[in-house]
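In UniProt numbering, the protein residues as written are 1 to 215.
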């Protein structure tokens, strides 16, 4: 169980770094060192995730210099996700489901964060509360709490499932499909496939934890 919880936490940590601003040096170092390794997954069951992992492995393959890889990641970020590039699709939930997400829903989202003890940090402080990086970071927060406070594991997993269903899974898969369509970056195409595929897989994992299938 602990291994599964830790894998989930690390994945949300990585996804948050992918979208949370200019890629930090630690991300490049994690790739080069193998500290951020991605598992094999069933391509028939999780095609987007399997393809994304494969594309990312190919992108990283042969890159042994973290400094050079970091420069490459920054260059890709500036072309794809940096503000005003015009390449990336809108990155906030309300941009995708505006008719279903009035201002009251954004206030509700802030309340969810507050009740869970979550507060955006770093570059995420200046982001909208429904930005993809903030929502992914919130899931990382819940995963971290589920590891630190195992006595309340069920509560945290229930919150994770609810947040996936009511927020991330309602718009992020479409965002990722559009990002793949718009950008030519091998790295961010892989990131988009991994993000979409992992969210679809993670709700299954969370439901299995809750049902006792994963112990």
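By construction, the Cβ of each residue, glycine as well, lies at the ideal position given by its N, Cα and C atoms.
Item: Own chain residues within Cβ distance below 6 Å of residue 223, not counting five before or after; Value: This structure cannot settle anything about residue 223, because the visible part of the chain is limited to 1 through 215.
Item: Three-state secondary structure (DSSP) of residue 137; Value: helix
Item: Neighbourhood of residue 14 by C-beta distance below 7 Å, restricted to the same chain and skipping five residues each side; Value: 36
Item: Residue from 184, 169, 214 whose Cα sits closest to the Cα of residue 195; Value: 169
Item: Coarse secondary structure for residue 84, derived from DSSP in three states; Value: coil
Item: Residue 169: first and last residue of the uninterrupted alpha helix (DSSP H) it sits in; Value: 169–182
Item: Proximity winner among 172, 137, 32, relative to residue 20 (alpha-carbon distances); Value: 137
Item: Three CB pairs or more closer than 8 Å across the stretch 105–118 and the stretch 126–142; Value: yes
Item: For residue 89 and residue 178, believed in contact at Cβ under 8 Å, the rounded distance; Value: 4 Å
Item: Range covered by the alpha helix (DSSP H) that runs through residue 47; Value: 47–60
Item: Helix, strand or coil at residue 131 according to DSSP, with G and I counted as helix; Value: strand
Item: Distance between beta carbons of residue 190 and residue 56, contact taken as under 8 Å; Value: 4 Å
Item: Distance, residue 185 Cα to residue 59 Cα; Value: 10 Å
Item: Below-8 Å beta-carbon distance, residue 64 vs any chain C residue; Value: Any reference to chain C falls outside this structure, which holds one protein chain only.
Item: Rounded Cβ spacing between residue 142 and residue 119 (contact assumed at less than 8 Å); Value: Residue 142 to residue 119, Cβ: 13 Å. No contact.
Item: Residue(s) in a DSSP beta bridge with residue 92; Value: 131
Item: Separation of residue 117 from residue 207, as counted between CA atoms; Value: 23 Å
Item: Other residues of its chain near residue 16: CB distance less than 7 Å, five sequence neighbours each side excluded; Value: 133, 136, 137, 140
Item: Pick from 43, 92, 6, 85 that is closest to residue 175, judged by C-alpha positions; Value: 92
Item: N- and C-terminal bounds of the alpha helix (DSSP H) containing residue 158; Value: 153–163
Item: For residue 209 and residue 61, the rounded distance between their alpha carbons; Value: 34 Å
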